[in-house]
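Following: one structure in structure tokens, then a few remarks.
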Amino acid sequence: MKVTILDYGAGNVPSVERALQRLGAESHRTDSPAYISKADALLLPGVGHYAALVRALDENNLRAPLVDAIHRGVPFLGICLGLQVLFKSSEEAGQLHGLNLLPGIVSALPSHVKLPHMGWNQLEKKRDSSLLTGIAPGAYFYFAHTYAALDSNASTAATCSHGAEFTAVIEQKNIYAVQFHPEKSGDSGARVLQNFLRRVA
Amino acid sequence: MSLAHRIIPCLDTDGERVVKGVNFVGLRDAGDPVALAARYNAEGADELVVLDIAASRDRRPTFLETIRRVAAELAIPLTAGGGIRTLKDGRAVVRAGADKVTVNTAAVERPELISELSREFGAQAVVLAIDAKRAGDHWDVMVRGGKESASLDAIEWGRIGVAAGAGEILLTSVDRDGTQIGFDVALTAAISRTVTVPVIASGGAKSPEHFVEIFQQAAADAALAASIFHDEVQSIRTLKEYLAACGVEVRLPC
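Quick mapping for you: the protein sequence lines, in order, are chains A and B.
Add 2 to a position in the first sequence, counting from 1, and you land on the number used in our numbering.
Add 91 to a position in the second sequence, counting from 1, and you land on the number used in our numbering.
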């Protein structure tokens, strides 16, 4: 079993690879549609601008194979922008379309707090979550973002707050996603990645 | 439930080794960056900053290799900088494993550098380092390692830098740097209340009380220090326990 990391040039790919390596998981990166179609498990990292991710998916013809794989039930983990792209669209690039696998849109966090939301914050669990198995209440995770899914919905397993409550953990069938960076979140983050790997195995 | 105040150790390097010294004078070796990074990662540091204070062109490949080796030790974010003059320099640092890039003198000379980096990597990856020095009723921006005045108001420069796309400010008080008499509360408060992005206070820290003061009185989002951590004057774990006992929200290591 191997985790296929969608590599479209996002800054956090090497750290995601290292984090998986520390857990003894095999991974390989690809920007090829063929590899995505064959993947056992998919991981979409992302940091930076929403438009960069969406354009990279479209320019490399990755959108259709990715959506197909998710529909077929291939376990998927989205990180940061990889969570945001699951929704219909984002205010960060209103003219572009997300993957539209979850209802709702991504909006800017309110401007009365310091933005980006940068640093370590805690989660509020909304329901049982396999990604958060073994995570102590009050554990901190590292966030670095300005936009977020402000409307939580049935897929929301946990939220976080910075000026407003937003979706921090998503679990819906084979779709898993986190707004924080598990690869940068110390032991707690490693546990989340390990929990995903368990779902895959 | 809210955002924790961050404690950030800083490794000033000559590209390869961690060095110590005030204003580049009397530099002495303070250790191996990889070993220190591993120690801080384990002790509960919230982030790590690695700077190339020599920033000489021909030693750049050595510094990039240092970033790669340091990044391999970390499960926390890494910021790197020193001598970043172009988008290409920034790219090299990110590719080597840094999550954020700091810019300083080159951004003062050409503020578009901030926008270029921000467009490519996002504002959350661009840290504007401001070295500020008291000049009468305001603070001057200092460049070239804190030695030369840029004749620019530090608070105004912070505002401009954020508008250009910086996602965070690393604010060093040149007056306090190396003194160990405490952070510059007035300077940090002035910037922190003006800009809309997180502010990292730096320069002058020694005791745990200095950290309480900068978080409670100056609204700093993070605090950075170097030698007090390297020399084990202050352990990160003990410091965080002290902050928590004083009611400052921090991420306590498990």
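By construction, the Cβ of each residue, glycine as well, lies at the ideal position given by its N, Cα and C atoms.
Note that the structure is predicted; figures quoted are calculated from it, not measured.
For residue 123/A, return the contacting residues in chain E, with the cut-off set at a CB-CB distance below 8 Å. Looking for chain E here will not work: the only protein chains present are A and B.
Anything in chain A within Cβ reach of residue 306/B, meaning under 8 Å, just list it in chain order. The premise fails here: residue 306/B is roughly 13 Å from chain A at the closest Cβ pair, so nothing lies under 8 Å.
Nearest neighbour of residue 251/B, chosen from 331/B, 123/B, 199/B [CA to CA]: Nearest of 331/B, 123/B, 199/B to residue 251/B, Cα basis: 199/B.
For the beta strand (DSSP E) holding residue 44/A, just list the boundary residues, first then last. In this chain, the beta strand (DSSP E) harbouring residue 44/A covers 43–46.
Does the structure place the region 175–194 of chain A close enough to the region 91–98 of chain A that three or more beta carbon pairs sit under 8 Å? No, because fewer than three Cβ pairs between the region 91–98 of chain A and the region 175–194 of chain A fall closer than 8 Å, the two stretches do not touch.
With distances taken Cα to Cα, identify the nearest neighbour of residue 242/B among 231/B, 236/B, 317/B. Considering only alpha carbons, the answer is 231/B.
Using C-beta distances below 7 Å, list every residue in its chain close to residue 165/A, excluding the 5 sequence neighbours before and after it, in chain order. Closer than 7 Å at Cβ, skipping near neighbours: 111, 112, 114, 115.
Do we get a CB-CB distance below 9 Å when we pair residue 289/B with the residues of chain A? Yes, residue 289/B lies at the interface with chain A (some Cβ there is under 9 Å from its Cβ).
Can you tell me whether residue 96/A is buried or exposed? The criterion is at least 16 other CB atoms within 10 Å of its CB, across all chains shown. Label assigned to residue 96/A: exposed.
State yes or no: is the C-beta of residue 192/A within less than 9 Å of the C-beta of residue 25/A? Taking the C-beta atoms as reference points, residue 25/A is found nearer than 9 Å to residue 192/A.
With 9 Å as the threshold, decide whether the Cβ of residue 271/B is near any Cβ in chain A. Not closer than 9 Å to any Cβ of chain A, the Cβ of residue 271/B fails to qualify, so no.
Can you confirm whether residue 14/A, when its beta carbon is compared against all beta carbons of chain B, has any partner nearer than 9 Å? By this cut-off, residue 14/A is an interface position.
Is it buried or exposed, residue 197/A, if we count other Cβ atoms within 10 angstroms and call 16 or more buried? Looking at its Cβ environment, which holds 16 or more other Cβ atoms inside 10 Å, residue 197/A is buried.
Measure the CB-CB distance between residue 101/A and residue 79/A and report whether it falls below 9 Å. No, the pair does not count as a contact, with Cβ atoms beyond the cut-off.
As assigned by DSSP and simplified to three states, the class of residue 98/A: In this structure, residue 98/A counts as coil in the three-state DSSP scheme.
Count the CB pairs spanning the region 302–313 of chain B and the region 281–290 of chain B that are closer than 8 Å, and state whether there are at least three. Taking a contact to require three or more Cβ pairs closer than 8 Å, the region 302–313 of chain B and the region 281–290 of chain B qualify as touching.
Hey, how far is the Cα of residue 145/B from the Cα of residue 64/A? Within the model, the alpha-carbon separation for residue 145/B versus residue 64/A is close to 43 Å.
C-beta atoms of residue 271/B and residue 147/A nearer than 9 Å: No, Cβ-Cβ distance for residue 271/B and residue 147/A is not below 9 Å.
Mind listing which residues of the region 38–63 of chain A have their C-beta closer than 9 Å to chain B's C-betas, in chain order? The residues in question are 49, 50, 51, 54.
Beta bridge counterpart(s) of residue 172/A as assigned by DSSP: Looking at the DSSP assignment, residue 172/A forms a beta bridge with 158/A, 179/A.
Thinking just about the alpha-carbon of each residue, which of 38/A, 82/A, 75/A is nearest to the one in residue 62/A? Selected option, being the one with the closest Cα: 38/A.
Any chance you could list the alpha helix (DSSP H) runs of at least 4 consecutive residues sitting entirely within the region 205–293 of chain B, in chain order? List check, alpha helix (DSSP H) in window: 245–255, 276–285.
Proximity test, Cβ basis, 9 Å: residue 185/A and chain B: Taking Cβ atoms only, chain B reaches closer than 9 Å to residue 185/A, which makes this a yes.
Quick one: measure Cβ to Cβ for residue 285/B and residue 221/B, integer angstroms, because I've assumed they're closer than 8 Å. So it is not a contact: roughly 12 Å between Cβ atoms.
Check whether the region 94–105 of chain B and the region 323–342 of chain B touch, using three or more Cβ-Cβ pairs below 8 Å as the test. By the Cβ criterion, the region 94–105 of chain B is in contact with the region 323–342 of chain B, since at least three pairs of Cβ atoms, one from each stretch, lie closer than 8 Å.
Between residue 108/B and the rest of its own chain, which residues show a CB-CB distance below 6 Å, the 5 nearest in sequence each way excluded? Same-chain partners within the cutoff: 120.
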